[in-house]
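Contents: one structure, followed by commentary.
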Amino acid sequence: MERFWWHSKSSYGSGIHWKSWDKLCLHKHKGGLGFRNLRNVNLSMLGKHGWRLLTNSSSLVVRVFQARYYPQGTFLDAELGSNPSYAWRSVFEAQEIVKLGARWRVGSGISILVLNQPWLSSKDNPYVVSSHEALCDCSVFNLLQIDNMSWDEELLEDLFVQRDVELIRSIPLPSTLNMDTWYWAYEAYGGCSIKSAYPALQVRNERWNLQDNSGFWKKFCICSLCNGELETIYHIMVWCPFTKACMDRGLGFSFSDGKDEFSCWFECFCNTHLGDSVDKIAVILWDVWGARNDFLWNKKIASVERVVSAAITYLELWKFAQIKMELSRHLLVSSRPVTSSGLNPAAVKSSGDLKPFMAEAMSLKEALSWVKNTWGDGASFEGFVPMRW
Ligand SMILES: [Zn+2]
């Protein structure tokens, strides 16, 4: 590849290599040309295999490797061992990459040891730095209050330094005990990919800066409604000042539960508020999302007043339509529009309690009452043909 880059038609042999390949592989922001480092790309691909060894414990290959090389722990604790196979030696090379992004997601905490396991939500250092002797062999499960699935605040304050306490508090807990699972910190969907493993490796090797790729993507990641914070679902639906102002105007209050998970927030809202407020919050949030898209793609700026009034109007129309549907379901009557030739009442088949002929009779009765009320006794009625069923 180097020869391809430096060789030209006029040069003899492989041409003059003005810069080492290593330097050309540096990011453009670091003075290189951003070429892929093939060894690191290969390691990233091996990283995916390593990830499978960590997460796919039911696979036969994983069980064979586990029995042979790390019977007691996980792939992250494994050692090369004596007389390793070629395949194991290759995958083992990727252990460092897997360690870079692998994090425990707390379900019950039973499988997670407090010390020496990556379970904090920090990209720099996901390990607990506190060293209280009571934490040796202690599992995360021991830090939970199972009755209401929350952290035991007293224990946290007693055993951990402030940095750890804050990181532990920020970990979302499930409402009931679950399995502890692994997730990959560099992908939103939680699985390991070559696309995310390679940059992580480059940053670790100081070939890329952390912010190398953020300049371009950053403008897509900042909330377009407040232009202040990163746009997460929780931010745009709950925390954004624009959304809070819409809630304030539409409901008379804004609501936040201190957690970072939108689904938990919404569940909490539904459990603590009346149905009317739940209807309103649903349409307001829907319109906030519409306002965000309108701004992002059509450059249309929406005001809080417009978003709220559009949402409330939509809700009223929707409720009105529901009532109409309910009524028509019971009456089974539908009238065709009046034309210049006269009135055309008719019954239609649909699900309901009434028999078709009763519905037909009722529709005719309704039509006649309407004729009488509209034109009085002067109206004439020519007759009708009975419908066949
Ligand atoms: Zn915002």
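Using the numbering used here, you'd call the opening residue of the sequence shown number 3 and step up by one each time.
Using N, Cα and C, we set each Cβ at its ideal position, and we do this for glycine too.
Ala312 and Leu253 have their C-alpha atoms roughly 14 Å apart.
When Gly33, Gly277 and Cys27 are compared, the shortest CA-CA separation from Val43 is found for Cys27. Bridge partners of Arg107 according to DSSP: Thr183. Assignment of Leu232 by DSSP, reduced to helix, strand and coil, places it in the strand class. By alpha-carbon distance to Gly75, the top candidate from Val64, Ser132 and Pro201 is Val64. Asn150 and Glu269 have their C-alpha atoms roughly 15 Å apart. Taking C-alpha positions only, Arg107 is separated from Ser256 by approximately 30 Å.
In the three-state DSSP reduction, Gln324 falls in the helix class (H, G or I). With a cut-off of 8 Å on Cβ pairs, the segment 56-71 is not in contact with the segment 17-31, counting fewer than three such pairs. Inter-segment contact for the segment 234-241 and the segment 138-157 is absent: fewer than three beta-carbon pairs are separated by less than 8 Å. Burial is judged here by how many other beta carbons sit within 10 angstroms of a residue's own beta carbon; Glu81 has fewer than 16 and is exposed.
Ordered by chain, the residues meeting the criterion of a beta-carbon within less than 5 Å of a non-hydrogen atom of ligand 1 are Cys225, Leu227, Cys228 and Cys242. Burial check for Cys138: the Cβ neighbour count within 10 Å stays below 16, so the residue is exposed. The beta carbons of Val100 and Gly52 sit closer together than 8 Å.
Across the structure, Glu156 and Lys25 are spaced so that their CA atoms are roughly 52 Å apart. Taking the Cα positions, Lys246 is about 11 Å away from Val310. Counting only residues of its own chain and dropping the five nearest sequence neighbours on each side, Ser279 has a CB closer than 7 Å to the CB of Leu253. Secondary structure remark: continuous beta strand (DSSP E) runs of at least 3 residues inside the segment 127-199, in chain order: 183-186. Counted as a single uninterrupted DSSP element, the stretch harbouring Cys27 is not any alpha helix (DSSP H), since DSSP gives it neither H nor E. By alpha-carbon distance to Gly34, the top candidate from Leu117, Gln204 and Val240 is Gln204. Secondary structure at Leu62: helix, using DSSP grouped into helix, strand and coil. Within the same chain, and ignoring the five residues on either side of Gly49 in sequence, the residues whose Cβ sits closer than 7 Å to its Cβ are Ala96, Ile99, Val100, Cys194 and Ala199. Ranked by Cα distance from Trp121, the options Tyr191, Trp241, Ile173 and Ala363 are led by Ile173.
Buried is the label assigned to Thr57, since at least 16 other Cβ atoms lie within 10 Å of its Cβ.
Taking all protein chains in view, the Cβ of Met249 is crowded by 16 or more other Cβ atoms within 10 Å, so the residue is classified as buried.
Within the segment 238-291, the runs of alpha helix (DSSP H) at least 4 residues long that lie entirely inside it are, in chain order, 243-253 and 264-274.
Nearest Cα to Gly109 within the set Ala136, Ser152 and His134: Ser152.
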